[in-house]
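First residue of the sequence shown? That's 365 in the working numbering, and the numbers climb one at a time after it.
Report on the structure given below.
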Amino acid sequence: MVRTVSGHLALGRGREIPRVARAALLPVALVSAVAGLLVFAFAQPLAELLASSAMAPTVRGCLRVVAVALPFAAVYQVLESTSRGYGTVRPSIAVEKVGRVSQQLAGIGAVAALGLGPVAVTVAWSVPWVVALVALALWTRALHRARADSAVPAPPEDPDAAASFWRFAAPRAPAATFRAGVMWSDTLILAALTTTAQTGIYSAATRYMIVGSFAQLAVSQTIQPIFGRLIATDDLGAAEETYRTGSAWLVALTWPMFLAAAIFAVPLLRVFGPAFVTADTALAILSLGWLVATGCGPVDNLLLMAGRSGWTSLNAGVGLALNVGLNLWLIPRYGINGAAAAWAASLMWMNVAPLVQVRATLHMSPFGPAWPVAATGALGVFGGCLVLSRVAIGETALGLVVGLVVAGGAYGTFLWLLRRSLHLHTFAAGLRRRRTQPA
365 MVRTVSGHLA LGRGREIPRV ARAALLPVAL VSAVAGLLVF AFAQPLAELL ASSAMAPTVR
425 GCLRVVAVAL PFAAVYQVLE STSRGYGTVR PSIAVEKVGR VSQQLAGIGA VAALGLGPVA
485 VTVAWSVPWV VALVALALWT RALHRARADS AVPAPPEDPD AAASFWRFAA PRAPAATFRA
545 GVMWSDTLIL AALTTTAQTG IYSAATRYMI VGSFAQLAVS QTIQPIFGRL IATDDLGAAE
605 ETYRTGSAWL VALTWPMFLA AAIFAVPLLR VFGPAFVTAD TALAILSLGW LVATGCGPVD
665 NLLLMAGRSG WTSLNAGVGL ALNVGLNLWL IPRYGINGAA AAWAASLMWM NVAPLVQVRA
725 TLHMSPFGPA WPVAATGALG VFGGCLVLSR VAIGETALGL VVGLVVAGGA YGTFLWLLRR
785 SLHLHTFAAG LRRRRTQPA
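Below, the structure written as structure tokens:
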């Protein structure tokens, strides 16, 4: 929906968006409703399969609550993407990141305090999806009314718009499944082939990578509608410039996190307990994989906005196959380090492959003038300060704190002095414009 909405707005076809949105929402609502009905109807046998006889009634109740909430959550996800297509992340932040999550936390906390049990906890988790859906539907409708209408005469309606949308969207379902598989297959295979303790240690190490992935997601979601608009109007020069700028920002934002995780893995892991420091090599391997992945920029988003959804699905499918194969091969030999290597390899594939595809088809590269500046600052300034702190003080909590303070100050100064080379002034100007625009 991000690509569809941003492209329609750029081409002056804003009036078609509600029709295409309905074409997107109806199948999603229907399929999710059928799935919910099936789960509700077969909750008892599913509960008996998943839990002991004593816990089966509770699990049955939880499954039925989730079954009722499923269609609301599915439709909500479509509307959330639709809202971002209008070029604003305010609905996503206010409703998704703040509103829904805070309601769930408050509800679950209240239920837990009252001791109402797992079914009530599931209800507290599910109800905010319905509330968020209503809020997002109203906000998206307001966005359409404010931005879709134009004084420019609209071109004739495209009768193939809905079919075109589903030709693009259909490969996204397997792609999402493949990506989820990449995220979890290493943990599942590790649990099957090693001990529970090893699996827990590895899972703790991967939590630090999720922090960096949130930053990657923030940049990607912000830049997606810009790609969609520029590619729809065939402004490939501006699209490449946006890609290069976004890639430099992604490097500048995420590389310091991954470098800190690699250089000071031991004190970061000791937070979870002394036994967890055995994952220091695994954390360093994961960090290397993320450095390569984020160094490619928001390349998968660019490929997707260019209409190659089938390619992104294929890349994710190969990534999952690579991940599973390497896990089965490496974990028996190297344990958690093998699992980390498998995840890093699949992660690099899913970013380097689209990088090559974008270069071959769109003739675009992320490596503009700003990229080496960002990489030099992250590696040389931030990473260099951390290395000096580790050498001088040691791989300790004190070394980490001193290194972060010194590196943060030096890196902040570097970014400020070279803000124009990194186009950070345009980023700040864009934020100011967003504050003055109507939501």
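For every residue, glycine included, the Cβ atom is placed at its ideal position computed from N, Cα and C.
These numbers were taken from a predicted model, which means no experiment stands behind them.
Would you report the Cα separation of T558 and L443, rounded to the nearest angstrom? 42 Å
Mark I553 as exposed unless 16 or more other C-beta atoms lie within 10 angstroms of its C-beta, in which case mark it buried. buried
Using 10 angstroms around the beta-carbon of R697, count the other beta-carbons present and answer buried if the total reaches 16, otherwise exposed. exposed
In whole angstroms, what is the alpha-carbon distance linking P382 and R593? 18 Å
Helix, strand or coil at E759 according to DSSP, with G and I counted as helix: coil
Give a yes or no on whether the C-beta atoms belonging to A499 and Q468 are separated by under 8 Å. no
Terminal residues of the alpha helix (DSSP H) in which P409 lies: 407 to 414
Same chain only: Cβ atoms within 7 Å of A616, ignoring 5 sequence neighbours per side: A738, G741, A742, L779, L786
Considering only their Cβ atoms, is the gap separating L726 from L600 smaller than 8 Å? yes
Would you identify the three-state DSSP class for F404, choosing helix, strand or coil? helix
Just checking my contact of Y775 with P620 at CB under 8 Å: how many whole Å lie between their CB atoms? 6 Å
Contact defined as beta carbons within less than 8 Å: I believe A717 pairs with R608. What is the distance between those atoms, to the nearest angstrom? Going by Cβ atoms, the distance from A717 to R608 rounds to 19 Å, so no, they are not a contact pair.
What number of angstroms, rounded off, separates the C-alpha of L480 from the C-alpha of L434? 22 Å
Beta-carbon within less than 8 Å of G545's beta-carbon, same chain only, minus the 5 sequence neighbours each way: which residues are those? L684, N687, V688
Just to confirm, is the Cβ distance from R754 to G763 under 8 Å? yes
What separation, rounded to the nearest whole angstrom, lies between the Cα atoms of L614 and E604? 15 Å
Restricting to Cα atoms, I'd like to know which of A385, R379, W707 is closest to T548. Checking the sequence shown, residue 548 turns out to be Trp, not Thr. Of the listed residues, the one whose Cα sits closest to W548 is W707.
Could you check whether L690 and A705 sit closer than 8 Å to each other, using their CB atoms as the reference points? yes
Do A643 and A709 count as a contact pair if the criterion is CB distance below 8 Å? no
From G767 to G732, what does the alpha carbon distance come to, in whole angstroms? 30 Å
Okay, do the stretch 568 to 585 and the stretch 647 to 661 touch, 3+ Cβ pairs below 8 Å being the bar? yes
On the CB-based measure, 16 or more other CB atoms within 10 Å of its CB, does P391 come out buried or exposed? exposed
Taking the C-alpha atoms as reference points, what is the distance between H508 and Y450? 8 Å
Can you tell me where the alpha helix (DSSP H) holding S567 begins and where it ends? 560 to 596
Using a Cβ-Cβ cutoff of less than 7 Å, which residues in the same chain neighbour G794 once the five nearest sequence positions on both sides are dropped? Its pLDDT being 48, under 50, G794 is placed unreliably by the model, and the measurement read from it follows with that caveat. Counting only Cβ-Cβ distances below 7 Å, and skipping sequence neighbours, we find nothing.
Can you give me the C-alpha to C-alpha distance between A626 and L502, rounded to a whole angstrom? 45 Å
With DSSP run on the structure shown, which of helix, strand or coil describes L427? helix
Whole-angstrom distance between V495 and E460, CA atom to CA atom: 11 Å
What does the Cβ neighbour count give for R464, buried or exposed, with the cut at 16 atoms within 10 Å? buried
Look up D599 in the DSSP assignment and say whether it is helix, strand or coil. coil
Excluding five sequence neighbours on each side, which residues of the same chain lie with their C-beta closer than 6 Å to the C-beta of L711? G653, A657
Through-space distance from V485 to A474, alpha-carbon basis: 9 Å
Who are the near neighbours of A804 in its chain, counting only those whose CB is closer than 6 Å to its CB and skipping five residues on each side? Any answer about residue 804 is impossible in this case: the structure gives the chain only from 365 up to 803.
Roughly how many whole angstroms lie between the Cα atoms of D598 and I457? 30 Å
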